[in-house]
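What follows is one structure encoded as structure tokens, with my remarks underneath.
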Amino acid sequence: MSDFDHIASQMPDPFRLLWRERVSSTNDELRALAEKGMAEGLVLVAEEQTAGRGRRGAEWFSPKGESLAFSVLLRPLDPKAFWHRLSLVAGLAVAEAVERFVPLAEIKWPNDVLIGGKKIAGILVEAGSDFVIVGIGINVNTDTFPEGLAATSLAIERGEDVPRGEVLLAVVERLAHHSNRLGGGFEGLLAGIRERCHLTGRRVTLTCAEKRREGVVRGIGMGGELLLECDGNIEQIVQADEVRLVAPKG
Ligand code: BTN
0 MSDFDHIASQ MPDPFRLLWR ERVSSTNDEL RALAEKGMAE GLVLVAEEQT
50 AGRGRRGAEW FSPKGESLAF SVLLRPLDPK AFWHRLSLVA GLAVAEAVER
100 FVPLAEIKWP NDVLIGGKKI AGILVEAGSD FVIVGIGINV NTDTFPEGLA
150 ATSLAIERGE DVPRGEVLLA VVERLAHHSN RLGGGFEGLL AGIRERCHLT
200 GRRVTLTCAE KRREGVVRGI GMGGELLLEC DGNIEQIVQA DEVRLVAPKG
């Protein structure tokens with residue numbers, strides 16, 4: 000019996016759970032199933048990942064039995080031009096879900112989820128020709144992190160362990176609610192994303208189209224892009240390598 004058996008019957012339609020003891024990466028395993036034609040809504044959760052991946056090819060730290068590592072298969076009905084918004088939408092779903100356990104989660108554009116400035120969850124969205132895999136890692140009951148990682152967990156923030164199944168269910172519920180609002184309904188999600196935006200008002204550096212930019216973040220645009228003020232102009236950043244803070248807010 001896994002920590003997740005009891006939530007399998009509570010998943011919102013069409014989501015359904017597939018539990019694995021050990022996989023390379025839930026994103027890779029789910030992609031293989033998607034390519035064979037698996038229907039939308041499969042949620043693959045693994046106790047252990049031997050090759051869990053973060054963004055920009057980084058290794059993802061996810062200790063067995065303590066953290067949550069899962070991927071969700073979506074086949075969005077919205078036009079492909081809007082699929083990149085799933086990055087932000089997944090960040091919102093995770094932020095809202097963790098707020099059932101701790102107050103005030105923030106989103107560091109595009110989709111790191113932070114509590115008190117420390118990372119509590121990371122998201123890796125990967126698209127195929129007719130599907131999207133949303134891979135989510137959440138520090139649930141992790142109590143120690145490798146040196147140099149500015150990370151926290153739900154258990155550290157609450158002072159007690161949190162049932163991983165409940166966290167997974169909360170994320171899937173929020174994702175089910177938001178994932179078909181990439182086109183028409185996206186405006187309705189922007190308020191939730193903007194109010195949790197960790198970067199607004201902060202000076203950052205980032206690399207975009209191989210050019211290094213430095214400026215002050217002025218918010219999130221109507222399409223989910225980062226609005227960066229550089230030399231008096233507002234630039235719309237759609238995709239960027241790691242965004243680094245260079246100064247405190249103000
Ligand atoms: C990041 O912040 O760099 C993204 C981390 C994403 C980690 C999750 S864990 C489940 C899924 N499988 C993976 O190999 N990666 C994602």
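All residue numbers for the sequence shown refer to numbering that gives the first Met the number 0, where the first residue is 0 and numbers rise by one.
Heads up, the beta-carbon is just placed ideally off N, CA and C, and yes, glycines get one too.
H5 sits exposed, since fewer than 16 C-beta atoms from the chains shown fall within 10 Å of its C-beta. Assignment of L181 by DSSP, reduced to helix, strand and coil, places it in the coil class. Your pair V101 and R157 checks out as a contact, with CB atoms roughly 6 Å apart and the cut at 8 Å. One thing to note: I114 has its Cβ no nearer than 9 Å to the Cβ of V93. Beyond the five residues adjoining it in sequence on each side, G191 comes within less than 6 Å, by CB distance, of L91 in the same chain, given in chain order.
In this structure, I192 has its CB at a distance of at least 8 Å from all heavy atoms of the ligand BTN. In the structure shown, the three-state DSSP call for G147 is coil. For the segment 77-131, the full-length alpha helix (DSSP H) segments reaching 4 residues or more read 85-97 along the chain.
When only Cα atoms are considered, T25 and R54 end up about 14 Å apart. In the displayed model, S61 falls within coil according to three-state DSSP, outside both helix and strand. Between H197 and G147, the C-beta spacing is not below 9 Å. Annotation: R55 is outside any alpha helix (DSSP H) and is labelled neither H nor E by DSSP. Within the same chain, R212, E213, G214 come within 8 Å of C229 by CB-CB distance, once the 5 residues on both sides are set aside. L41 is bridged by DSSP to R15. Taking the Cβ of N26 as the reference point, at least one heavy atom of the ligand BTN falls within a distance shorter than 8 Å.
Between A45 and F60, the CB-CB gap reaches or exceeds 9 Å.
Cβ contact annotation for W82 (same chain, cutoff 8 Å, sequence separation greater than five): P75, A126, V131, L181, in chain order. Under the 10 Å beta carbon count, K210 is surrounded by fewer than 16 other beta carbons and is classified as exposed. Here the alpha carbon of L17 sits roughly 12 Å from the alpha carbon of M10. In the DSSP assignment, N26 falls within the unbroken alpha helix (DSSP H) covering 25-34. Collapsing the DSSP output to three states places G136 in a strand. Remark: C-beta atoms of T141 and E65 approach each other more closely than 9 Å.
With a threshold of 8 Å, the Cβ atom of I119 does not count as near the ligand BTN, since no heavy atom of the ligand is closer than that. Residues of the same chain with a CB within less than 7 Å of the CB of H177, apart from the 5 flanking positions on each side, are V88, L91, A92, L188 in chain order.
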